[in-house]
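*Asks:* Its first residue numbered 219, the sequence shown is counted upward by one per residue in this note's numbering.
Yeah, the Cβ is synthetic: ideal placement off N, Cα and C, and Gly gets one too.
Treat the numbers as computed from the prediction; the structure is a model and nothing was measured.
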Amino acid sequence: MANTAKFWDRMAKGYSKRPVPNQEVYEQKLKKTREYLNPHSQVFDFGCGTGSTAILHAPLVKHIHAVDVSENMLEIARGKMVAENIKNITFECANIEELDVQDDTYDVALGMSILHLLDDREAVIAKLFDILKPGGVFISSTVCLQGVMRILLPFLAIGKFLGLLPTIKFISRETLENDLITAGFQNEFTWKPDGSDAVFIVSRKPD
Ligand SMILES: C[S@@+](CC[C@H](N)C(=O)[O-])C[C@H]1O[C@@H](n2cnc3c(N)ncnc32)[C@H](O)[C@@H]1O
Numbered sequence: 219m220a221n222t223a224k225f226w227d228r229m230a231k232g233y234s235k236r237p238v239p240n241q242e243v244y245e246q247k248l249k250k251t252r253e254y255l256n257p258h259s260q261v262f263d264f265g266c267g268t269g270s271t272a273i274l275h276a277p278l279v280k281h282i283h284a285v286d287v288s289e290n291m292l293e294i295a296r297g298k299m300v301a302e303n304i305k306n307i308t309f310e311c312a313n314i315e316e317l318d319v320q321d322d323t324y325d326v327a328l329g330m331s332i333l334h335l336l337d338d339r340e341a342v343i344a345k346l347f348d349i350l351k352p353g354g355v356f357i358s359s360t361v362c363l364q365g366v367m368r369i370l371l372p373f374l375a376i377g378k379f380l381g382l383l384p385t386i387k388f389i390s391r392e393t394l395e396n397d398l399i400t401a402g403f404q405n406e407f408t409w410k411p412d413g414s415d416a417v418f419i420v421s422r423k424p425d
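1) Can you tell me the Cα-Cα spacing of K387 and D337, whole angstroms?
2) Ligand 1 and W226: does any heavy atom of the ligand fall closer than 7 Å to the residue's C-beta?
3) Within 7 Å: the Cβ of N303 and any heavy atom of ligand 1?
4) Does at least one heavy atom of ligand 1 sit under 7 Å from the Cβ of L335?
5) Please give me, in chain order, every unbroken run of the alpha helix (DSSP H) with length at least 4 that falls completely inside the region 244-314.
6) Look up Q404 in the DSSP assignment and say whether it is helix, strand or coil.
7) Look at S358 and I419 and say whether their C-beta atoms are less than 8 Å apart.
8) Return the bridge partner residues of I419 from the DSSP annotation.
9) Closer than 7 Å: is that where the CB of V300 sits relative to any heavy atom of ligand 1?
10) Tell me which residues share the same chain as T308 and place their Cβ nearer than 8 Å to its Cβ, disregarding the 5 neighbours each side in the sequence.
11) Which of helix, strand or coil does DSSP assign to P384?
12) For the beta strand (DSSP E) that G329 lies in, which residues bound it at each end?
13) Going straight from the alpha carbon of N221 to that of A272, what length do you get?
14) Confirm, please, whether the CB-CB distance from L394 to L333 is below 8 Å.
15) With DSSP as the reference, label L394 as helix, strand or coil.
16) So L374 and K423 are supposed to be a Cβ contact under 8 Å. How far apart are they, rounded?
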């Protein structure tokens, strides 16, 4: 995991300057997410990166606990939070695969562009199920690479071995949807925007 943190530490500055790949799609995801937010919402955002999404949602909720494995990403996030005069986000440097969080704590969990980067996705999804309150929602956007893209697998393995790349898993949309159902979630909204490899899913922990 030290390699993962190092990789994302190296990426942080460039990542913060890169525009979102498709602004219209990003805004649709923000809009859909906001249907589940209210001034009482306790939100958990893991793999929060430089905090852009958390900072945009912060004025609409009570508190956001935002976690990332990269201290460099979080340093940028904290700077943006101060610049925007946002006070209700707590940024924490932690590996989601190791983090202990109390059960039944959050109303909404956000996992944006992160599930495909985890070693044990199923365990993290199970943890999210536990830490959400009954009726809470897990909103994720996950790169689902399939088919011809599998020719990249050997390059990804070599890149990871050399410490040049993080874990990148190939997951199909069906596998991801099934992983969520296996953990106990009910998937109530799925959207794969045209021309994007990312699948956006809203999953609910039953009451
Ligand atoms: C592709 S970026 C996505 C950032 C942000 N969620 C967004 O949508 O812009 C992935 C982020 O997940 C973080 N990350 C990767 N593995 C992680 C882990 N095991 N625990 C916590 N954060 C992790 C990286 O440091 C990076 O900031």
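*Replies:* To lay it out plainly:
1) Numbered from 1 along the sequence shown, position 169 holds the residue referred to as residue 387. Numbered from 1 along the sequence shown, position 119 holds the residue referred to as residue 337. Each residue's Cα considered, the two are about 8 Å apart.
2) Here the question's residue 226 lines up with position 8 in the sequence shown. W226 Cβ: within cutoff of ligand 1.
3) Residue numbering aside, residue 303 sits at position 85 when the sequence shown is read from its first letter. N303: no, Cβ never under 7 Å from ligand 1.
4) Here residue 335 is taken as the residue at index 117 of the sequence shown, counted from 1. Answer for L335: yes, Cβ within range of ligand 1.
5) Runs of the alpha helix (DSSP H) inside the region 244-314: 270-275 and 289-301.
6) The residue labelled residue 404 in the question sits at position 186 within the sequence shown. It is a strand residue.
7) Residue numbering aside, residue 358 sits at position 140 when the sequence shown is read from its first letter. Residue numbering aside, residue 419 sits at position 201 when the sequence shown is read from its first letter. Contact: yes.
8) Taking the sequence shown and counting its residues from 1, one reaches residue 419 at position 201. In DSSP, I419 forms a bridge with S358 and T408.
9) As a working note, residue 300 is residue 82 in the sequence shown. Here the distance from the Cβ of V300 to the nearest heavy atom of ligand 1 is not below 7 Å.
10) Start at 1 with the first residue of the sequence shown, and residue 308 comes out as number 90. In its chain, beyond the 5 residues on either side, H281, I282, H283 and A284 have a beta carbon closer than 8 Å to the beta carbon of T308.
11) Residue numbering aside, residue 384 sits at position 166 when the sequence shown is read from its first letter. Coil at P384, not helix or strand.
12) Here residue 329 refers to the residue found at position 111 of the sequence shown. Under the DSSP assignment, G329 falls in the beta strand (DSSP E) whose first and last residues are Y324 to M330.
13) Working through the sequence shown from its first residue, we reach residue 221 at position 3. Working through the sequence shown from its first residue, we reach residue 272 at position 54. Rounded to whole angstroms, N221 to A272 spans 25 Å at the Cα level.
14) Position 115 of the sequence shown, counted from the first residue, corresponds to residue 333. Position 176 of the sequence shown, counted from the first residue, corresponds to residue 394. In contact: L333 and L394 (Cβ atoms closer than 8 Å).
15) The residue given as residue 394 occupies position 176 in the sequence shown. Helix, per DSSP.
16) Taking the sequence shown and counting its residues from 1, one reaches residue 374 at position 156. Taking the sequence shown and counting its residues from 1, one reaches residue 423 at position 205. With 8 Å as the limit, L374 and K423 do not qualify as a contact, their Cβ atoms being about 32 Å apart.
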